[in-house]
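Down below is the structure, laid out as structure tokens.
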Amino acid sequence: MSKVFTITEGLENLGALRTGGQGSVYKGKRIGQIITAVKILPTPIHSESEEDKNYRNFINEVEKLKKVNEVPNPNVVKILNSGITESGSFPFIEMEFIEGPDLEELLKAPNEKVFTIKETIKLADQLACALSHCHKVGVKHGDIKSNNVKFNIHSGNYVLLDFGLSVMSDEQRRSSMRHAGAIEFMAPEQNEGKMLFSTDIYSYGIILYELLAGQVPFPLHDNGETARNTVMLAHMESAVPDVLHLRRQNLPQSWSKAQQEREMQVPLWLITLINHCLEKQPESRYSNGSELHEVIARGSIAEIKTEAVREVVSEVAVPAIPIAGQALNEGKMIVSTGVFAALVILLVGSLFYNAFTLLKRNNTPAKVITQAIPDSVRKPDSTPVMPAPENTNYENKRKQADSATKSTIDDVIKSEQNKAGSPDSTATDTTNNNNQN
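Everything in the sequence shown is counted per my numbering, starting at 1075 for the first residue and increasing by one.
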């Protein structure tokens, strides 16, 4: 644990939560058991006067940051205090302490390597809400990454943390990002020290990509200068790997096959949104958090409508009728011999009935209609109605049809019994052999 030192009067230092090149975060406690998180920036301020460039820049940026909390937002950490430490003369920002794991922890064992689609959309919406809130008051975060987004176990919300980079000067920020920043989440323009609203959009896209794919698009294998330069070059020039391909590779084996297939049905609008966030040129991305949040809202509404349609279809769908002896063999459905034969009988019987009806209709005497015929053309009542001549071929045709039907049914049944290798087939063959003997 890092050395405990005095931060400011009235604040007890409970020790470091995390340390790094961009500053350290300490856990603090104020009177009344109020727990806070204190970000201490690495650049010292030697004089608290307007003549000190670092001090002047810090005060100006903190004033901007205070606007974030003028209207509270459940997805943005509250800024409680700021100042200069009593020992060491380092600038600090005191924030509310969010109890719960960050995204980096949620993506590590024993947790699953990927998020479900539903939880990804929830985070996408809430993090976009946080960015929209910040960008509306002119605050750029500049350091969006997995361990700067926490899940609040009390509210159930995702919360954007650590605005330390946003209060640095351009020169401080450039030096800090180049040597110590989370380069896997950096936008291409950050290599030149630039920080735009659309820079936050790029890092946001990396987070969503990581939740779906189980890894960032350009992982950092070690923190050496060569490895960092390789990752930054990839951000600037390389195409982003297919997120769905990586997702399928990283789906938890503990999920059922049905759940795995369900979780591969990522909405097209979400994939499109991620790709748009990860454009190389800043002007090709969403311009700010507000525009991004609007797209998320439209996509979420479309998803809700789609899900509602699925539920309605599921409710009215006719359940499948189970078929006796049904089985799957290499993707093909094999119907039992008895059922198949019954279907053939019904089909042939239907054809035979239609043929019989047609033949009978041809042999039925025509009815004499007299009511609609005028008297002038009506035949005399004494005129006999001659019966239709007997169709001598009818009985022969009927017998032939009966014989053909029986022969067809027998052939089908025998063929299916041979395929199925059923006991009935063996018994039939034995009987035939006995009869021949």
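Note that CB positions come from ideal geometry on N, CA and C, so glycine has one too.
Computed from a prediction, not measured in an experiment: that's the story for all the values here.
Exposure of Ser1220, with buried meaning 16 or more beta-carbon neighbours within 10 Å: buried
Distance CB(Leu1088)-CB(Lys1101) smaller than 8 Å: yes
Spatial distance of Leu1085 from Glu1122 (CA atoms): 20 Å
Whole-angstrom distance between Ala1111 and Ile1281, CA atom to CA atom: 23 Å
Option nearest Glu1365 by Cα separation, candidates Gln1334, Cys1208, Ser1312: Cys1208
Helix, strand or coil at Leu1366 [DSSP, three-state]: helix
Simplified DSSP state of Lys1152, which is helix, strand or coil: coil
Extent of the continuous alpha helix (DSSP H) run through Tyr1232: That residue, Tyr1232, is in no alpha helix (DSSP H); its beta strand (DSSP E) goes 1232-1234.
Glu1178 versus Phe1189: straight-line alpha-carbon distance, rounded: 12 Å
Proximal residues to Glu1124 (C-beta, below 8 Å), its chain only, five neighbours per side dropped: Arg1130
Check: Lys1224 C-beta below 7 Å from any heavy atom of the ligand NAP: The model on display carries no ligand, and the ligand NAP is accordingly not part of it.
4 or more residues per run - each alpha helix (DSSP H) lying fully within the region 1110-1191: 1127-1140, 1177-1180
Pair within 8 Å by beta-carbon distance, Arg1359 and Glu1353: yes
C-alpha gap between Lys1187 and Glu1083, whole angstroms: 43 Å
Beta-bridge partners of Val1223, as assigned by DSSP: Leu1234
Buried versus exposed call for Val1108 [16 or more other C-beta atoms within 10 Å across all chains shown]: In the sequence on display, residue 1108 carries Ile and not Val. So Ile1108 ends up on the exposed side.
Glu1295 vs Ala1287 beta-carbon contact at 8 Å: It should be pointed out that residue 1295 corresponds to His in this sequence rather than to Glu. No.
Sequence-distant residues of its chain with Cβ nearer than 8 Å to Val1223 (five each side left out): Asp1176, Leu1177, Leu1197, Leu1201, Tyr1232, Val1233, Leu1234, Leu1235, Ile1281
Assigned secondary structure, Ser1361 (DSSP; H/G/I helix, E/B strand, else coil): coil
Other residues of its chain near Lys1103: CB distance less than 7 Å, five sequence neighbours each side excluded: Glu1086, Leu1088, Ile1109
Opposing strand residues paired with Arg1092 [DSSP bridges]: Val1099
Residues near Leu1091 by beta carbon distance below 7 Å, same chain, minus five either side: Val1099, Tyr1100, Lys1101, Ala1111
Asn1087 in three-state terms, based on DSSP: strand
Residue of Asn1324, Met1260, Gly1298 minimising C-alpha distance to Glu1337: Asn1324
Limits of the alpha helix (DSSP H) - the one that Glu1311 falls within: 1299-1311
Residues that DSSP places opposite Arg1104 in a beta bridge: Ile1108
C-alpha distance - Leu1270 paired with Ser1330, whole-angstrom precision: 43 Å
Ile1081, DSSP secondary structure in three states: coil
Residue range of the unbroken alpha helix (DSSP H) whose run includes Phe1022: Nothing about residue 1022 can be reported from this structure: the residues present for the chain run from 1075 to 1511 only.
Endpoints, the alpha helix (DSSP H) within which Trp1343 is located: 1342-1351
Option nearest Phe1166 by Cα separation, candidates Phe1237, Ala1261, Leu1181: Phe1237
Assigned exposure category for Leu1529 - 16 Cβ within 10 Å defines buried: Because the chain is modelled from 1075 through 1511, residue 1529 falls outside the range shown and cannot be assessed.
For Ser1206, the three-state DSSP class (helix, strand or coil): helix
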